[in-house]
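Peer 1: The sequence shown begins at 0 in numbering that gives the first Met the number 0 and counts up by one. Think of the CB as a built atom: it goes at the ideal place given N, C-alpha and C, for glycine as much as any other residue. Take a look at the following structure, please.
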Amino acid sequence: MSDRIGPNALVVEGGAMRGVFSCGVLDHFMNEEFSPFDSFWGVSAGASNLAAFLAKMPGRNLKIYLDYSLRKEFFSLGKFVSGGDLMDLDWMWNITLKELGIDKKVLQADERPFFLGVTRQDTGEAEYLTPDVDALVETMKASSALPIMYRHGVKLGEHTYVDGGVRDAIPVAEAIRRGATKIMVLRSRPANYRKSKPAFTGLTKRLLKAYPALIEPMLTRHTRYNDTLALIENPPEGVEIIQICPPESFKLKRLSRDPATLEAAYHLGVKAGEQAIRSWEN
């Protein structure tokens with residue numbers, strides 16, 4: 000596939016449970032049949048939300064946030080302490096595919112490129128994969144496999160990958176590099192948020208000693224993240240970026256477990272979706 004893409008791009012940030020906001024935005028887009036984009040870029044939860052959007056399945060991922068994500072099988076501190084994963088992505092993907100499905104025919108019929116941001120475990124470098132529908136599920140899992148929380152990464156072909164947010168949480172620069180000139184970015188943090196330095200550097204180094212190439216990118220995520228926000232706010236000449244963020248009052252945590260709070264965040268997203276369409280069309 001050509002390295003170049005069309006001018007209109009949609010980029011969706013991850014953020015675990017905070018992704019319920021972009022889920023609401025994208026469900027509103029589906030209900031309005033709004034999809035003027037030439038390419039799609041998703042990382043972690045953002046990639047999963049985009050997959051449901053491209054499969055034209057409104058409501059699918061809301062069920063995941065309000066039900067499956069809150070089950071003890073998915074999130075277990077006890078399992079983590081005894082050497083397992085804090086978030087059981089294998090269980091999550093297996094059960095949601097079995098019980099909710101994903102419309103592969105609709106996904107396959109849409110020929111616009113869908114880039115999933117991942118990080119190579121052995122190099123710590125970002126890659127932007129465009130898998131076919133049969134490899135999509137494992138690639139979404141890889142994009143969400145946050146080191147430490149999910150211990151071993153996901154093997155795709157010859158290489159093992161982890162969460163795309165480790166190296167490039169919001170792949171706006173890559174979309175611009177490939178030719179996008181009008182970009183909508185769906186965020187999972189308020190506009191004034193800036194990422195802080197990691198607090199437990201020694202612990203991070205110790206927990207990642209088996210994957211040394213991930214240590215530096217994990218400890219410098221805040222620098223790249225904040226640089227990307229500066230790019231979004233000051234794009235290069237000839238590039239327009241429309242940023243859709245939760246309100247400043249949005250306090251949802253990465254691992255929020257309260258259904259009422261999550262549902263409220265989803266409805267904030269639906270409302271933001273209305274404004275997003277107006278902003279794009281004006």
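Which of helix, strand or coil does DSSP assign to G116?
Peer 2: Residue 116 sits at position 117 when you count from the first residue of the sequence shown. Of the three classes helix, strand and coil, the one that applies to G116 here is strand, per DSSP.
Peer 1: Where G82 and V165 are concerned, what is the direct C-alpha to C-alpha distance, given to the nearest angstrom?
Peer 2: Stepping through the sequence shown from its first residue, residue 82 is reached at position 83. Stepping through the sequence shown from its first residue, residue 165 is reached at position 166. Roughly 22 Å between the two C-alpha positions.
Peer 1: Just confirm the distance between the C-beta atoms of M91 and F73, as a whole number of angstroms; I'd bet it's less than 8 Å.
Peer 2: For the purposes of this step, residue 91 is identified with residue 92 of the sequence shown, where counting begins at 1. For the purposes of this step, residue 73 is identified with residue 74 of the sequence shown, where counting begins at 1. About 5 Å; that satisfies the 8 Å criterion.
Peer 1: Taking the alpha helix (DSSP H) that N30 belongs to, which residues open and close that run?
Peer 2: Taking the sequence shown and counting its residues from 1, the one referred to as residue 30 is at position 31. Counting along the chain, the alpha helix (DSSP H) containing N30 begins and ends at 19-31.
Peer 1: With a CB to CB cut of under 7 Å and the five nearest residues on each side skipped, what residues in its chain are close to I276?
Peer 2: Against the sequence shown, residue 276 aligns to sequence position 277. The residues are E31, F33.
Peer 1: Between the beta-carbon of V284 and the beta-carbon of L99, is there less than 7 Å?
Peer 2: Outside the displayed span of the chain (0 to 281) sits residue 284, for which this structure offers no information.
Peer 1: Using alpha carbons as the reference points, say which of A15, R220, M183, A209 lies closest to K194.
Peer 2: In the sequence shown, counting from the first residue as 1, residue 194 sits at position 195. The residue with the shortest Cα to Cα distance from K194 is R220.
Peer 1: Classify P35: buried if its beta carbon has 16 or more other beta carbons within 10 angstroms, exposed otherwise.
Peer 2: What you label residue 35 is simply residue 36 of the sequence shown in a count that begins at 1. Classification of P35: exposed, given that the 10 Å Cβ count is below 16.
Peer 1: To the nearest angstrom, how far is the alpha carbon of T118 from that of A198?
Peer 2: Along the sequence shown, one-based indexing puts residue 118 at 119. Along the sequence shown, one-based indexing puts residue 198 at 199. Straight-line Cα distance between these residues: approximately 22 Å.
Peer 1: So what does DSSP say about V238, is it helix, strand or coil?
Peer 2: Counting from one through the sequence shown, the residue named residue 238 turns up at place 239. Note: V238 maps to coil in three-state DSSP.
Peer 1: Taking 7 Å as the threshold (C-beta atoms), are P189 and E262 in contact?
Peer 2: Counting from one through the sequence shown, the residue named residue 262 turns up at place 263. Counting from one through the sequence shown, the residue named residue 189 turns up at place 190. No. Outside cutoff.
Peer 1: Between A172 and the rest of its own chain, which residues show a CB-CB distance below 8 Å, the 5 nearest in sequence each way excluded?
Peer 2: The residue you call residue 172 lines up with position 173 of the sequence shown. Hits under 8 Å: T227, L230.
Peer 1: Determine the extent of the beta strand (DSSP E) in which Y160 is found, giving its start and end residues.
Peer 2: Here residue 160 refers to the residue found at position 161 of the sequence shown. Start and end: 158-162.
Peer 1: Examine the Cβ distances between the region 35-53 and the region 3-14 and report whether three or more of them are shorter than 8 Å.
Peer 2: yes
Peer 1: Report the start-end ranges of each alpha helix (DSSP H) in the region 78-129 that is 4 residues or longer and not cut off at the edges.
Peer 2: 88-98, 103-108
Peer 1: Between M91 and the ligand PLP, is the CB less than 6 Å from at least one heavy atom?
Peer 2: This structure does not include the ligand PLP; it has no bound ligands of any sort.
Peer 1: Looking at the structure shown, is M0 part of a helix, part of a strand, or coil, going by DSSP?
Peer 2: Here residue 0 is taken as the residue at index 1 of the sequence shown, counted from 1. Because the pLDDT at M0 is just 46, under 50, the model does not fix this residue reliably, and the value given afterwards should be weighed accordingly. Reduced to three states, the DSSP call for M0 is coil.
Peer 1: When we look at the beta-carbon of H27 and count the other beta-carbons within 10 Å, is it buried (16 or more) or exposed?
Peer 2: Start at 1 with the first residue of the sequence shown, and residue 27 comes out as number 28. Around the Cβ of H27, a 10 Å sphere holds 16 or more other Cβ atoms; the residue is buried.
Peer 1: Taking the straight line between their C-alpha atoms, what separation do you get for L202 and P216?
Peer 2: Taking the sequence shown and counting its residues from 1, one reaches residue 202 at position 203. Taking the sequence shown and counting its residues from 1, one reaches residue 216 at position 217. Taking the straight line joining both Cα atoms gives about 15 Å.
Peer 1: Is R138 buried or exposed, if buried means 16 or more other CB atoms sit within 10 Å of its CB?
Peer 2: Indexing the sequence shown from 1 puts residue 138 at position 139. Going by the sequence as given, residue 138 is Thr instead of Arg. Buried, by the Cβ-count rule.
Peer 1: Using the Cα positions of Y160 and D84, report the straight-line distance between them to the nearest angstrom.
Peer 2: Here residue 160 refers to the residue found at position 161 of the sequence shown. Here residue 84 refers to the residue found at position 85 of the sequence shown. Taking the straight line joining both Cα atoms gives about 16 Å.
Peer 1: Just how far apart, CA to CA, sit G77 and P258?
Peer 2: The residue given as residue 77 occupies position 78 in the sequence shown. The residue given as residue 258 occupies position 259 in the sequence shown. The straight-line gap from Cα to Cα measures roughly 22 Å.
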